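Notes follow once the structure below has been shown.
In my numbering, the protein residues as written are 4 to 309.
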């Protein structure tokens with residue numbers, strides 16, 4: 004295995020992790036502030052991808068497609084929060100799971116009704132197509148590098164929002180004692196809607212960006228949602244920093260595991276058996292990582308102690 008291949012896979016893992024962060028950041032905000040288990044978060048990822056594909060197909064503009072993805076996912080999130088989620092805050096987690104699972108079915112069938120069952124395709128913008136040469140002679144996709152840069156910029160923007168703004172102060176206070184900030188005059192219903200719409204917008208942005216790499220299809224958000232839950236468990240519920248670190252760990256573990264484990268078992272087995280065993284363990288590696296983190300730090304890497 005060459006160092007160039009290893010470096011390329013590290014970048015792939017970083018890019019995958021950054022996309023998971025955009026999903027997990029909104030999910031951990033919603034759970035941290037509202038205490039809500041939202042299984043429909045993956046559907047908002049799908050809404051952003053379909054909105055971007057539709058607008059890009061109609062206008063040919065990738066920038067307008069990203070704006071449409073943000074707007075559509077945020078609007079869908081705000082509407083869902085007002086009409087459905089708002090009635091679930093005082094309910095048991097099982098009720099929240101059942102209600103948000105129903106939302107998955109509603110979003111999936113509505114999307115299939117609007118766009119059909121066939122996948123859509125979102126082209127990479129011409130300005131970002133093709134490879135770029137990095138130090139060391141590494142040829143890597145300019146679009147994937149752009150995704151990494153966008154994700155890091157969003158992470159920095161979220162850090163500033165949470166730590167330096169009045170809204171961020173309210174969000175952090177809501178995580179600690181929502182009854183107290185409501186007693187101090189903060190409109191808690193409005194705060195919840197804003198947080199939910201913000202989380203939905205991040206999921207929609209992730210869907211739009213990933214939609215240019217893979218096909219846009221119904222149900223594309225659920226596999227990503229599972230990994231996003233793994234990320235917030237590893238990083239710690241309610242922590243944006245934890246979501247970023249956890250997402251990068253999951254992305255690198257998943258990508259490098261698929262590359263290195265078959266090579267490792269190839270030292271002891273024939274190629275077919277090594278590939279089969281290594282691939283099986285690679286698919287389990289992120290869950291093994293999650294188990295190790297929970298044994299060492301039950302609240303996650305940056306989660307608040309109970």
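We put the CB at the ideal spot given by N, CA and C, even for glycine.
Since the model is a prediction, treat every value here as computed from it, not as a measurement.
message: Starting from residue 194, trace the alpha helix (DSSP H) in both directions and tell me its first and last residue.
response: Working through the chain shown from its first residue, we reach residue 194 at position 191. Looking at the DSSP string, the run of the alpha helix (DSSP H) that includes residue 194 is 191–214.
message: If I follow the unbroken beta strand (DSSP E) through residue 137, where does it start and stop?
response: By 1-based counting over the chain shown, the position of residue 137 is 134. Residue 137 -> beta strand (DSSP E) spans 134–137.
query: With distances taken from CA atoms, which of 285, 53 and 36 is nearest residue 173?
result: As a working note, residue 173 is residue 170 in the chain shown. Per the Cα distances, 36.
field: Where the beta strand (DSSP E) containing residue 143 begins and where it ends
entry: One-based indexing of the chain shown puts residue 143 at position 140. Its beta strand (DSSP E) spans residues 141–144.
field: Own chain partners of residue 87 with C-beta closer than 7 Å, once the 5 adjacent residues on each side are dropped
entry: Numbered from 1 along the chain shown, position 84 holds the residue referred to as residue 87. So the list reads 102 and 106, once near-sequence residues are dropped.
field: Local conformation of residue 234 per DSSP, three classes
entry: Walking along the chain shown from the start, residue 234 turns up at place 231. In the structure shown, residue 234 sits in a helix (DSSP, three-state: H, G or I).
- prompt: Per DSSP, residue 100 is paired with what?
  reply: As a working note, residue 100 is residue 97 in the chain shown. Beta-bridge pairing links residue 100 to no other residue.
task: Give the single residue among 271, 235, 39 and 15 whose Cα lies nearest to the Cα of residue 95.
output: Residue mapping note: residue 95 aligns to position 92 of the chain shown, counting from 1. Selected option, being the one with the closest Cα: 39.
field: Test item: CB-CB of residue 289 and residue 256 under 7 Å
entry: As a first step, residue 289 must be located in the chain shown, where it is residue number 286. As a first step, residue 256 must be located in the chain shown, where it is residue number 253. For the 7 Å CB-CB criterion, residue 289 and residue 256 form a contact.
field: Start-end ranges of the alpha helix (DSSP H) lying completely within the stretch 229–293, minimum 4 residues
entry: 243–268
- prompt: In three-state DSSP terms, what is residue 299?
  reply: Residue 299 sits at position 296 when you count from the first residue of the chain shown. Reduced to three states, the DSSP call for residue 299 is helix.
message: Using C-beta distances below 7 Å, list every residue in its chain close to residue 79, excluding the 5 sequence neighbours before and after it, in chain order.
response: Working through the chain shown from its first residue, we reach residue 79 at position 76. Around residue 79: 47, 50 and 203.
query: Given a threshold of 16 other Cβ atoms within 10 Å of its Cβ, counted over all protein chains shown, does residue 264 qualify as buried or as exposed?
result: The residue you call residue 264 lines up with position 261 of the chain shown. Counting Cβ neighbours within 10 Å, residue 264 comes out buried, since at least 16 surround it.
Buried/exposed call for residue 144, threshold 16 Cβ in 10 Å: For the purposes of this step, residue 144 is taken as the residue at position 141 of the chain shown. Classification of residue 144: buried, given that the 10 Å Cβ count is 16 or more.
message: Give me the residue from 74, 89 and 18 with the minimum Cα distance to residue 201.
response: As a working mapping, residue 201 is identified with position 198 in the chain shown. Ranking 74, 89 and 18 by Cα distance to residue 201 puts 74 first.
Whole-Å CB distance - residue 154 paired with residue 26, under 8 Å assumed: Working through the chain shown from its first residue, we reach residue 154 at position 151. Working through the chain shown from its first residue, we reach residue 26 at position 23. Between residue 26 and residue 154 the Cβ distance is about 11 Å, and since that is not below 8 Å, they are no contact.
query: Ends of the alpha helix (DSSP H) at residue 120?
result: By one-based count along the chain shown, residue 120 stands at place 117. In the DSSP assignment, residue 120 falls outside any alpha helix (DSSP H), carrying neither H nor E.
- request: Whole angstroms is fine: what's the gap from residue 335's alpha carbon to residue 131's?
  value: No answer is possible for residue 335: it lies beyond the span of the chain, which begins at 4 and ends at 309.
query: Since residue 57 is in the alpha helix (DSSP H), which residue starts that stretch and which ends it?
result: For this step, residue 57 is matched to residue 54 along the chain shown. Its alpha helix (DSSP H) spans residues 44–62.
Assigned secondary structure, residue 83 (DSSP; H/G/I helix, E/B strand, else coil): Here residue 83 is taken as the residue at index 80 of the chain shown, counted from 1. Here residue 83 sits in helix by DSSP.
- prompt: Shortest alpha-carbon distance to residue 171 belongs to which of 185, 194 and 149?
  reply: Locating residue 171 in the chain shown gives position 168, counting from the first residue. Checking every option, the nearest Cα to that of residue 171 belongs to 194.
message: Out of 52, 280 and 238, which one is the CA nearest neighbour of residue 299?
response: Position 296 of the chain shown, counting from 1, holds the residue named residue 299. The option with the nearest alpha carbon to residue 299 is 238.
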